[in-house]
Each structure stands twice: as C-alpha cells, then as structure tokens.
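K.L.:
Residue numbers (my numbering), protein chains in the order written: chain A, 30 to 435; chain E, -17 to 490. I am attaching a structure below and will ask some questions about it afterwards.
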Amino acid sequence: MRVAGEAVRTKHYRRKAASRAAVDMTFESGRYSRWALWSSLLALPAVLLGCHQYYYSSRVYFANTTRELVKVRVQTLQATVDCARAKGRSAELLAQRELFGAGVTYDVAPGEALPLDYETGASSWPRPEQCAALVQVLGFPDKLVFWARDANTIETETKLAEANRPAFLAQSLVLEGLGEVRGLAAGKGLEVTSLPPVATGAPAISDAAVSLGWSGAPRTGTAFTLLRRELLPDGCLSLTLGKEAASSFPLFLCAPDWSFPFEVGDELRVVADELMPAATGYRPADSAPLPRHLSISGGGVDLGIWLNASSGPVAVVGEVSGLGGPGRHTACGAYVDPASVALASPAQQLMPGEDVTIAVPGGSARVFLARADDVLVAREECGPEYSALGARFDILILNEPAEKLP
Amino acid sequence: MKLAWLLLALGVSGCGADSAVDGQRPTGSVGVTQAGAQDAAYFRRLIEEGSVPEASLLDQVGFFAEHALDQPMADCGEVVCTHPSLAVAPRFDDGTWTMAFVSLNSAVDPATRPRAPVHLVLAVESSPDAAALTGTGAGTFAALLAALEPEDRLTVLSFGAEPKVLVSGAVPGQTDVSTVVLPLPKEAGSVDLYAGIATAADALSSLPDFAGTSRIVLVTTGKASAGIADPARIAALAESLVRQGTPFTVLGMSDTFDATLPRTIAELGAGNYAFAETTQDLQDLIVQEAGLRLVPLASEVELRVVPSPGYRVGRIYGARRASVEDGQAVLRSPALFLGARSSSTDVSAGRRGGGGGLFVELVADTSSGEEIAAGQPAFSLETSYSDVDAAAPVSFAAEVTNDLSPGERPSENWPHFSTPAYGKAFMMLNMYLALRAMVDLYEAGDCGAALGISYMMEPGADEWQKRFDDPDIGADRELMLMLRENIFNECRATPVPPTNYEAGCFGI
C-alpha cells in the first residue's frame, strides 16, 4: 500500500515502515483531531515484526481487484456511535458527511487491499469506537461502509487482497471489473450505503426550542425574596430574587405557566446545581454529562427541574427507556430515538410533552416530561443533551401540599 | 472600513428619493432585502490571497447582497411590494432548470420619516475571547454615547457567566460613562447568551419616563455555553423581541467566532449584521449604530410561492428561514424594517449592491398525468403582512406564466425569462451555485469535479457579459477563475464535469 501525496491541502507526514519503502501519508485540513491522526497512523500496515504472522489485521477492507491503480479517499468516524444498536440501521443513523473527519487519500495498486478498520493496534489516545467509514472512489457515489462491532478480524498474509477467501470478501468493499466497466461490490458482512452527491440541497434540520431551562446564574440559599416577576416576550419568566435589591440576582426561567406559582414578596429557597462547563476534546461514550438541577421552594410548594437526567431524580420517577426507531437527526448532527419515562405510582409511561398529576404523601405532584431522547449518535459539537450516548430526559415536578401553607 | 464587513439588513437610504413621496401613497422604490448575513468580502479576500476558502464562508444571502439588482417600481400602492419572476434554462444534462424569484421593495423614503428618540441597549459579551477585542469597553461606550442625539438614551450590559447592567439610561451630554467598564472575564469563559439577551429585553422597559423607540445591539462571539444554551430557544427569544418591533443588530467578533447563532438572529432581518476583526473595527461598528435609523414597515410578513399544476417545489435559495409547507415554499418574517443612516461614516467595502430575494426551484411534475400546455401559470405568489403605520392587514397575489410547458427546454441555449429586464438575479444565483459547488467539491476531495464546474460555467458567464457587461457578474466570473487557479495549484487534477450539478446553462 502506498498512501498518496495527491489531493493535499496542508499537513504532510512521512513515516518509514520497517523493512518497507517510505510511506507518504497526507492529511487534509479542516475538521482534524489528534485521534484522527492516530487512527491514520494505525492504518499503516501491521508489518511482520518478529512473531506476528500477518500483514494487515482489520475487520473491513477495501480491495482493488482491477488491473489499475485506484485512488481511495477514506474518512473516519468522528462521532460517538452506539455501534451495537446501529447494526441494521446504519443508513438511517450514519449517512451524514458531517459525522466523518478529514479524509486521507490512498493509492491502492492493482490487487492490493486497504484496511478500513483502525481498531487494531495499541493507542493511548482515547477515541470513539469505530464501526463505519466514508469511502470515496472517483466515479462512484461516496459509500458509507458499516461493519458490526462483533465482526471477525481478518488477517492477511500480504498486502494483497485475498479475493479467493470468502471470509475476506464478506468483509470487503471490492472494486472489480475491467477498464470502463467497473463496479463496487459490498461483502455480505457489511452494510454499504451510497450517499447523495455533495451540495444537492438537503434541507437544513432545525430543532424545536427546549421548553425547560434557566439562565442567569442563580444563587443557592434560603430566604430569598421574589423581588420581581415579569414575562419575557418569548413566554419565559424574568425573575429577580435576593435578600435586598442591592444583592439581588436575575433568574430567567423557561417552564410551563402553571409550574411557577410564586408571587412577588414570597420568601423562597433556591438550590441550583450547575453542570460544569463541558470539557474540551473527546469525551468517552460512557461519561454521560451531569444533570442540571434547579429547585425553588416556598410555602410548602416545591418546584424541581432536572435537565439531562439519566435516571429518576426522585422516587416518583423511574427509569428512562428508549422506544426504538425511527428516530431523528438533530440540528447539531446527533441522532436520537424517542424515549419515555416510567412513573412509579401509579405505574405509567410518560411521553415527552405530557404532564400528569399524581398523589404523593402529603399532597400531589404534577410531573411534566419536557424531553426524552435515546442518543445513538453523539457529537462533541453538540450541547450536553446530545454529546454523549444514552437515554436522558428533562423533567419538571411541582410538589404541592394537600393544603397550601400560609 | 478596512477589515470589517457589514450589511445593512433591509435596504439603504438614498435609493428611495427617486420620486416624490406624498406621505399617503408611496411611489418610489427602495430595495428591501431579506435578513442580512455577512457579505462575501472575506470569502473573496481569501481567494484573492490564493486560498481555497471553506465552503461555510460563502454565505448565499451575503453573496446576493453584493449584487445590485434592478427591480420594477414599487408602485403596488402598499408599503412593501413584491415582484415575482421566472427563468427557464437548459440544464447541463438533458433536464430543464426552472426557477422562480421573488424580490421586495418599498416606496417609503426613510429620510421623510421623523427621527424618534432611541433607547439603545448595548449587550456586550464578557469572556476571555471577547475581551481580546472589547478591552474594557470604556472608550467605546463614551464614543457611542457622544454620537447619540440628546434625547436618546443608552443602556450598557455585559454577559459572561451571568449578566450585569453596567449603566442604565445614560443621557448624552450629561451622564459620565468614562468609568463604565466591562467586568474582568472569568477564566472558565462560560457565556450565558440567553441571559444577555433576556437582560437586554428587560432593559427595554427599564426607563418608564422615556418616550421613543428602542433597539438592541448584541456584541457576541456566538458562544452560548452556560444557562439556556439551546440555540432554538435563544433564537426564539430574539425573534420574539423583533416581533414586538424591536430592531436587533448583531456584531460578531473574535477568532473563535461561531456564526451559527448570530446568523440565525441576523436572518430575522431586523438590523445590521457585521463582523469586527479588530478593536477599532468593533468600536467603529458600535458607534455607527448611533447614526442608524430603522423604520418599521411591516410585521408578520408571509410570502408563499404556490406551484401551479404541473410543477412542484424543489430547492430554495436566498432565505434560510424559508421552508416547504404542503408543497408550497413559505417565507415568514416577524418584521421588516427600512434602514437609513444619518452619519457620513457608512461602510461600503466589498459591497456593491443590496440585492437578494427568494429563489424557489420549480420541478416539472407529471405525477397527475395531466398535460400542461405552454403559456400556463407556473406559480403564484401570495403576499401578506401587517402595515405597521396603518395597523392594517395587507394581502395580494400575483401569477407568473411560463411560455413553455413544464419541463420544456428553451429552443436555444439561453434562458427564457418572464421579465427579461430583471434576469440578472438568476445569473447571480448561477454564479453562487458555481462557487459553492467548487468549494464543496474541493472540500469533499473531488478536485477534478471542482475544476470541471468552472469550465462548465465559464462560457455562460462570458455570454452574459457579452450581452450585458454587468460589473457584478464580471467580478463573479473573475472570482470563479481565481478560485479555479487556486484549486488547481492545490491539487492539479484533471477537470471533470460533475453530474447532478444544480445550476442552469446560460449559453454555450
């Protein structure tokens, strides 16, 4: 395999593989990250070094069985994907160019193979699980190539495509044919989807505005007085709280009208647990973001809001569970399936947008589920809702006593 | 201005004085364009410097706004007139390119309107990235207050992790703002943009004795990382303010500028949208706001392009807020303002026109099985809005006929225009599509196709110039050729005409 020095824009790396000719590898500018660099370096052939008896080791290959050299551009997955659940749904979840990073162009000589799976090899740099790549061969629509996370690793003895080996073919995207009559054949172990050409006018995706949230850095403490309560033009509340005007703080609260029963002059207790700013760089899929919590209480009434919760924050709320597809792409490029939240007593499922009043000891609780999403494709470019895998929800619970305290 | 680009969102002063205005029946014509995004000056500059810009830097609304488009007279008898037209051209394959275009203009001359006192609310981001350009802000605030009229008022607020009103209702010539400075940004640099806009909204009603209009000027890096960070919710707050009649200018800054949210707000069409590359640019842009007047013309504006039998709606260009509803292209805007400057420090760098509008592709639709003859309607345009001055609803409709049958190619390799005098808009769209496709394909690694686009488009641009010799299209052609050279220098591929290319063929 020789990595092409063509179609380049910026960085140019050269690395000498043991006992092999120098390899030119080219990275393009743009959405570029350290793990992409690592991934590509790992794509270098697993050269026979000592006891290893294979040349390449990969779960998926591109194979050039024609008699001509072909340029292949490979873009690796940049998003965090629930690979197990993406199986059978790769076209629905992953056929988006923005999920893939900078391309690397390779010259694949006649008869040679190109490993596409960069899971093999040690890396100290954390990176998303790889189960898809975007493969571009001039003259063909760009191909999304997806492989199962439990697919067998195929080892080759040389850099050549092993076209007579069924296990190799099952895990390969094969360019075959002669001269002008060429075709791409997908192995039966792969899911291969043709992407539409670039810039063919796909409509932009927009998300509905969230219906729960707060801004303004509220303080945590007791005996705050509600000094001011106004309605913003978007329907959210503009509140001022404090022990006196000089030390007051603003709180902007987006929540249903019925959920904020407090009036100017009420003495209130405020608890605000803010999520720390998102760390930069790649976050492993299992490190779900912390939920945000706001509680405002007074006169026996308690308003609680939990954003991005992944489990029941209070006893009345049970687990969140994904409802399966079809889901939707978000504006930031994530993909989510719908989800619902279980209420403990009475046992029932609450869907996003629904609210229900239930009896609780000493009074009632009105529960409003604002959002519930099961994230199957997460992107670090997204906000905390969609930057990690898993099912999470935004919920509001208004607890009121059977008889309101004076 | 040297290093900033600015687009006055909704028309310009000066153009409206081309005929007398009696105050009752508007008769002149002032271009009213869609919401202002940044123009293409930065994209153009990168190409002139030998680079291949990222595709995201070519903003279609900004590109169109660089072109001067002639329009029919605004003689519809209402404050805002709409003008539908149609072009039918061969595609580069066997297909037909059928495109509707809608432009807006007004006979209202903003210079004839009295200037009401303005309460200007300046909301400035306070973060490490922003501080690199804003500094303490003290000089800027003083200069802005000095540029306002005596009856105006100025409120300044900052927003970082939390919002803070720095001065409320400052009076020009009376209030000393020399000690008003932005708070030192916290190291973490979180930005609660929603809180900043919400605090500005609160400030609008903070001067009970003030009589006049209000305006918000937002200075932002585009970051929203604390509080309500949901872009849709933040945009909804800005839109609700505009819907109430509050003009809303957005000034971007910083090397880390994220245009997504600022552009969304700017596309509401209720103020300026500009980007400052230096501290001096930022101060100049802020101070210029003192001399800007925005005259509200209409609210709850809706344009609806309804395809006639034999057609369906395809792609839409020129207005990102437009959508397809029940097979019709719909563009809604909460408010339309007409801009006017009273200062002499206007910005003109890289900006020739003020053109723009809504393009809707019409695709021949044979699904009904009905045979549509030549000379039948291609689409109708339904316009509705509320006249702000008259406080009355306005609605009217117009139909545009295609002299060819749906999908029929013109007999020669030249487009068929419903109103030939205003065909430039369609060529402008074609040049945008060419530039966009070139950078898109280059970004996707297909250098050959990127180069192929320019070779496909060059004869059409040459033919257009031979017939009309238009300076805007000529500049677009030069830009395309420079881009071709830059791409070739980067990847030296063999030009390959791409398939499925969006543009029409304007003469070969």
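Glycine included, C-beta positions come from ideal geometry on N, C-alpha and C. None of the values given here were measured: they were computed from a predicted structure.
Could you spell out the range, first to last residue, of the alpha helix (DSSP H) harbouring residue 444 of chain E?
P.N.:
Locating residue 444 of chain E in the second sequence gives position 462, where the first residue counts as 1. Taken as a continuous stretch (DSSP letters only), the alpha helix (DSSP H) holding residue 444 of chain E covers 429 to 450.
K.L.:
With a threshold of 8 Å between beta-carbons, can residue 403 of chain A be considered close to chain E, or not?
P.N.:
One-based indexing of the first sequence puts residue 403 of chain A at position 374. So no, residue 403 of chain A is outside the interface.
K.L.:
Pick helix, strand or coil for residue 330 of chain E, following the three-state DSSP scheme.
P.N.:
Counting from 1 along the second sequence, the entry for residue 330 of chain E is found at position 348. For residue 330 of chain E, the predicted model reports a pLDDT of 36, less than 50, meaning its position is unreliable; a value from the coordinates is still stated below. Coil.
K.L.:
Are the beta-carbon atoms of residue 284 of chain E and residue 306 of chain E separated by less than 8 Å?
P.N.:
As a first step, residue 284 of chain E must be located in the second sequence, where it is residue number 302. As a first step, residue 306 of chain E must be located in the second sequence, where it is residue number 324. No.
K.L.:
When the Cα atoms are used, what is the spatial distance from residue 266 of chain E to residue 179 of chain E?
P.N.:
Locating residue 266 of chain E in the second sequence gives position 284, where the first residue counts as 1. Locating residue 179 of chain E in the second sequence gives position 197, where the first residue counts as 1. Taking the straight line joining both Cα atoms gives about 22 Å.
K.L.:
Which residues bound the beta strand (DSSP E) around residue 51 of chain E?
P.N.:
For this step, residue 51 of chain E is matched to residue 69 along the second sequence. Counting along the chain, residue 51 of chain E falls outside any beta strand (DSSP E), and DSSP gives it neither H nor E.
K.L.:
Note down the Cα distance separating residue 355 of chain E from residue 360 of chain A, rounded to an integer number of angstroms.
P.N.:
As a first step, residue 355 of chain E must be located in the second sequence, where it is residue number 373. As a first step, residue 360 of chain A must be located in the first sequence, where it is residue number 331. CA-CA distance, residue 355 of chain E to residue 360 of chain A, rounds to 42 Å.
K.L.:
Could one say the Cβ of residue 111 of chain E lies closer than 8 Å to chain A's Cβ atoms, at least one of them?
P.N.:
Within the second sequence, residue 111 of chain E is the residue found at index 129, counting from 1. Answer no: the Cβ-Cβ gap between residue 111 of chain E and chain A never drops below 8 Å.
K.L.:
For a quick check, are the C-beta atoms of residue 88 of chain E and residue 279 of chain E less than 8 Å apart?
P.N.:
Sequence index remark: in the second sequence, residue 88 of chain E carries index 106 (1-based). Sequence index remark: in the second sequence, residue 279 of chain E carries index 297 (1-based). Their beta carbons are under 8 Å apart, which means residue 88 of chain E touches residue 279 of chain E by this criterion.
K.L.:
The beta strand (DSSP E) with residue 122 of chain A in it runs from where to where?
P.N.:
In the first sequence, the residue the question calls residue 122 of chain A occupies position 93. Careful: residue 122 of chain A lies outside any beta strand (DSSP E), inside the alpha helix (DSSP H) at 119 to 123.
K.L.:
Between the Cα of residue 137 of chain E and the Cα atoms of E:113, E:186, E:166, which residue gives the shortest distance?
P.N.:
Numbered from its first residue, the second sequence carries residue 137 of chain E at position 155. Closest option to residue 137 of chain E, Cα to Cα, is E:186.
K.L.:
What are the start and end residues of the beta strand (DSSP E) that includes residue 426 of chain A?
P.N.:
To locate residue 426 of chain A, count along the first sequence from 1; it is residue 397. From DSSP, the beta strand (DSSP E) with residue 426 of chain A extends over 419 to 430.
K.L.:
In chain order, what residues of the same chain have a beta carbon less than 8 Å from the beta carbon of residue 224 of chain A, not counting five sequence neighbours either side?
P.N.:
For this step, residue 224 of chain A is matched to residue 195 along the first sequence. Once the five neighbours on either side are set aside, the close Cβ partners of residue 224 of chain A are 124, 126, 163, 170, 171, 172, 173.
K.L.:
Thinking just about the alpha-carbon of each residue, which of E:486, E:162, E:72, E:74 is nearest to the one in residue 410 of chain E?
P.N.:
Mapped onto the second sequence, residue 410 of chain E falls at position 428. Answer by Cα proximity: E:486.
K.L.:
Tell me whether the beta-carbon of residue 236 of chain E lies closer than 8 Å to the beta-carbon of residue 114 of chain E.
P.N.:
Indexing the second sequence from 1 puts residue 236 of chain E at position 254. Indexing the second sequence from 1 puts residue 114 of chain E at position 132. Yes.
K.L.:
For residue 437 of chain A, report the span of its beta strand (DSSP E) as first-last.
P.N.:
Past the boundaries of the shown model lies residue 437 of chain A; chain A is included only from 30 to 435, so the question cannot be answered.
K.L.:
Would you give the residue range spanned by the beta strand (DSSP E) that residue 375 of chain E belongs to?
P.N.:
Sequence index remark: in the second sequence, residue 375 of chain E carries index 393 (1-based). For residue 375 of chain E, the uninterrupted beta strand (DSSP E) segment begins and ends at 374 to 384.
K.L.:
From residue 324 of chain A to residue 298 of chain A, what distance separates their C-alpha atoms?
P.N.:
The residue given as residue 324 of chain A occupies position 295 in the first sequence. The residue given as residue 298 of chain A occupies position 269 in the first sequence. C-alpha separation (whole angstroms): 8 Å.
K.L.:
Apply the 10 Å Cβ neighbour rule to residue 245 of chain E and answer buried if 16 or more other Cβ atoms are within range, or exposed otherwise.
P.N.:
Within the second sequence, the letter at position 263 stands for residue 245 of chain E. Residue 245 of chain E should be labelled buried.
K.L.:
Would you mind telling me which residues of chain A sit closer than 9 Å to residue 226 of chain E, beta carbon to beta carbon, in chain order?
P.N.:
Numbered from its first residue, the second sequence carries residue 226 of chain E at position 244. Residues of chain A passing the Cβ test: 262.
K.L.:
Please confirm whether residue 222 of chain E and residue 188 of chain E have their CB atoms less than 8 Å apart.
P.N.:
Within the second sequence, residue 222 of chain E is the residue found at index 240, counting from 1. Within the second sequence, residue 188 of chain E is the residue found at index 206, counting from 1. In this structure, residue 188 of chain E does not lie closer than 8 Å to residue 222 of chain E by Cβ.
K.L.:
Only counting runs of 3 or more residues, tell me where the beta strand (DSSP E) segments fall wholly within the stretch 195 to 279 of chain A, in order along the chain.
P.N.:
201 to 207, 210 to 215, 219 to 223, 242 to 244, 250 to 260, 266 to 271
K.L.:
Taking all protein chains shown into account, do 16 or more other C-beta atoms lie within 10 angstroms of the C-beta of residue 53 of chain E, making it buried, or fewer, making it exposed?
P.N.:
Position 71 of the second sequence, counted from the first residue, corresponds to residue 53 of chain E. So residue 53 of chain E ends up on the buried side.
K.L.:
Put residue 81 of chain E into one of helix, strand or coil per three-state DSSP.
P.N.:
For the purposes of this step, residue 81 of chain E is identified with residue 99 of the second sequence, where counting begins at 1. The three-state reading of DSSP puts residue 81 of chain E in strand, counting E and B together.
K.L.:
For the beta strand (DSSP E) holding residue 460 of chain E, just list the boundary residues, first then last.
P.N.:
In the second sequence, the residue the question calls residue 460 of chain E occupies position 478. Counting along the chain, residue 460 of chain E falls outside any beta strand (DSSP E), though it belongs to the alpha helix (DSSP H) covering 453 to 473.
K.L.:
Under 7 Å, CB to CB, which of the residues in the stretch 268 to 299 of chain A have a partner in chain E?
P.N.:
279, 281, 283
K.L.:
Can you tell which of A:107, A:122, A:191, A:119 has its C-alpha closest to the C-alpha of residue 144 of chain A?
P.N.:
Locating residue 144 of chain A in the first sequence gives position 115, where the first residue counts as 1. Looking at the Cα atoms, A:191 is the closest of the given residues.
K.L.:
Would you kindly work out how many angstroms separate the C-alpha atoms of residue 421 of chain A and residue 403 of chain A, rounded to a whole number?
P.N.:
Residue 421 of chain A sits at position 392 when you count from the first residue of the first sequence. Residue 403 of chain A sits at position 374 when you count from the first residue of the first sequence. Straight-line Cα distance between these residues: approximately 6 Å.
K.L.:
So, are the CB atoms of residue 382 of chain E and residue 67 of chain E less than 8 Å apart?
P.N.:
Position 400 of the second sequence, counted from the first residue, corresponds to residue 382 of chain E. Position 85 of the second sequence, counted from the first residue, corresponds to residue 67 of chain E. For residue 382 of chain E and residue 67 of chain E, yes; Cβs fall inside 8 Å.
K.L.:
Output the distance between the C-alpha atoms of residue 84 of chain E and residue 310 of chain E, rounded to the nearest integer angstrom.
P.N.:
As a working mapping, residue 84 of chain E is identified with position 102 in the second sequence. As a working mapping, residue 310 of chain E is identified with position 328 in the second sequence. About 14 Å.
K.L.:
Determine the burial state of residue 172 of chain E: buried for a count of at least 16 other Cβ atoms within 10 Å of its Cβ, exposed for fewer.
P.N.:
Position 190 of the second sequence, counted from the first residue, corresponds to residue 172 of chain E. Buried, because 16 or more other Cβ atoms sit within 10 Å of the Cβ of residue 172 of chain E.
K.L.:
If contact is defined by three or more beta carbon pairs under 8 Å, each pair taking one atom from either stretch, is the stretch 154 to 169 of chain E in contact with the stretch 189 to 209 of chain E?
P.N.:
no
K.L.:
Does the contact criterion of 3 or more C-beta pairs under 8 Å hold for the stretch 342 to 351 of chain A versus the stretch 373 to 380 of chain A?
P.N.:
yes
K.L.:
Quick one: grab the DSSP three-state call for residue 407 of chain E.
P.N.:
As a first step, residue 407 of chain E must be located in the second sequence, where it is residue number 425. The answer is helix: DSSP assigns residue 407 of chain E an H, G or I state.
K.L.:
Would you call the CB atoms of residue 256 of chain A and residue 300 of chain A closer than 8 Å?
P.N.:
Numbered from its first residue, the first sequence carries residue 256 of chain A at position 227. Numbered from its first residue, the first sequence carries residue 300 of chain A at position 271. Taking 8 Å as the Cβ cut-off, residue 256 of chain A and residue 300 of chain A do not qualify as a contacting pair.
K.L.:
Answer with buried or exposed for residue 364 of chain A, where buried requires no fewer than 16 other C-beta atoms within 10 angstroms of its C-beta.
P.N.:
Taking the first sequence and counting its residues from 1, the one referred to as residue 364 of chain A is at position 335. Answer is buried; the Cβ neighbour count reaches 16.
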